[in-house]
Amino acid sequence: MNSIPAIKSALKASGRRITSKREVILDLLRKIPGHPDAETLFLEAKKIDPRIGLSTVYRTLALLKKEGFIEEHRLGQSHGHFEASRRAAHVHFSCLACGQVIECENPLVNRLKTEIKRTLNADLKEFHVYAGGFCRSCRPTGGRP
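For the numbering used here, count along the sequence shown from 1 and bump the result up by 12.
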């Protein structure tokens, strides 16, 4: 993730206010491992600032996504999970049994992204590759963790 001061500076430059609640959410996005969803961020934020609302979390996530600081991934679920934006395209593999999310960087993914951009003559703003199956630990048990 970009440094918090860099994100704050960019938000200020675009005319956005840096509220204490936004700072809490930014800090949690940096500290919480993996791909937290809005509910997880909300529950953790409430521990720091009991006045923070779920709508504030959603609005802040939408702003950070719009500005390109974070990405949203579905990971086989109906709700989004968030992570810092990265330059390298990568695959998110989600175990259908235990729910573990594993990231896999592979040059083929970047080549696929480049080829799609070239073929469509498009300016891609989002590119997500998701795979679901059973992880190494769950595969031998037939999908039972």
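Backbone N, C-alpha and C fix where the C-beta goes; we use that ideal spot for every residue, glycine too.
* Going by beta carbon distance, what residues of the same chain come within less than 7 Å of Asn122, once the five residues before and after it are set aside? -> Counted from its first residue, the sequence shown places residue 122 at position 110. Cβ within range, chain order: Ala100, Ala101.
* **Ser106 - partner residues in DSSP beta bridges** => The residue labelled residue 106 in the question sits at position 94 within the sequence shown. Paired residue(s): Val113, Gly144.
* Best match in Lys59, Leu53, Gly27 for proximity to Leu38 [C-alpha to C-alpha] -> Within the sequence shown, numbered from 1, the residue matching residue 38 stands at position 26. Ranked by Cα distance from Leu38, the options Lys59, Leu53, Gly27 are led by Leu53.
* To do: With DSSP collapsed to three states, give me the class of Glu95.
  => Position 83 of the sequence shown, counting from 1, holds the residue named residue 95. Strand, per DSSP.
* Pick from Ala143, Arg34, Val36 that is closest to Phe105, judged by C-alpha positions -> Position 93 of the sequence shown, counted from the start, is the residue given in the question as residue 105. Out of Ala143, Arg34, Val36, the CA that lies nearest to the CA of Phe105 is found in Ala143.
* Asked: Among the residues of its own chain, which have a CB less than 6 Å from the CB of Cys150, if the five just before and after it don't count?
  -> Indexing the sequence shown from 1 puts residue 150 at position 138. Cβ-Cβ distances below 6 Å link Cys150 to Cys107, Ala109, Cys110, Pro157 in the same chain, with the five nearest sequence neighbours on each side left out; the list follows chain order.
* Asked: Mind checking His91: buried by the 16 CB within 10 Å criterion, or exposed?
  -> Working through the sequence shown from its first residue, we reach residue 91 at position 79. His91 is exposed by the Cβ-count criterion.
* Under three-state DSSP, which class holds Ile19? -> Counting from 1 along the sequence shown, the entry for residue 19 is found at position 7. The DSSP-derived three-state label of Ile19 is helix.
* Asked: Should Pro48 be labelled buried (16 or more other beta-carbon atoms within 10 Å of its own) or exposed?
  -> Here residue 48 corresponds to residue number 36 of the sequence shown, with the count starting at 1. Its Cβ being crowded by 16 or more others within 10 Å, Pro48 is buried.
* To do: Could you have a look at Asp49 and say whether DSSP puts it in helix, strand or coil?
  => Against the sequence shown, residue 49 aligns to sequence position 37. Residue state, collapsed to three classes: strand.
* Can Gly158 and Glu95 be called in contact, C-beta distance under 9 Å? -> Missing from the structure shown is residue 158; the chain here goes from 13 to 157 and no further.
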